[in-house]
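Numbering (our numbering), first residue to last: 2 to 119. Think of the CB as a built atom: it goes at the ideal place given N, C-alpha and C, for glycine as much as any other residue. Working notes for the structure below.
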């Protein structure tokens, strides 16, 4: 359980960096040339990778590759929605809820074997 929790924590932090690297330049650097935004994003993405790579290595000791991917998508949406609403000032839409429910279905199918009684 420790490996799972550490994986979730590290992937969550990684996703914060990833989300800023991918999208913050749309707000903060919209008047700069795209190459400046790309270089700044690469700098931020370095920190993402410094967390994401070890997180996936740790997670792979207790989860399958498919489970890691679905976990990553759940975390990505969990980080993206507050970022979009609070930082980018996008409206909160029910579409985020529907997407989250779809991801819960993916979690069910990817992890259901682990939840079955032995």
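Test item: CB-CB of residue i and residue j under 8 Å
i: residue 45; j: residue 18; result: yes
i: residue 63; j: residue 4; result: yes
i: residue 42; j: residue 22; result: yes
i: residue 8; j: residue 59; result: yes
i: residue 74; j: residue 93; result: no
i: residue 82; j: residue 97; result: yes
Residue i (DSSP reduced to helix, strand or coil)
i: residue 19; result: helix
i: residue 119; result: Reliability fails at residue 119, whose pLDDT of 47 lies under 50, so the model's placement of it is uncertain and no value is given.
i: residue 68; result: helix
i: residue 9; result: helix
i: residue 27; result: helix
i: residue 61; result: coil
i: residue 93; result: coil
Given residue i as reference, the closest of the options once Cα atoms are compared
i: residue 80; options: 6, 3, 12 and 5; result: 12
i: residue 77; options: 2, 59, 49 and 63; result: 49
i: residue 66; options: 106, 15, 41 and 111; result: 111
i: residue 27; options: 113, 103, 72 and 90; result: 90
i: residue 51; options: 29, 14 and 4; result: 14
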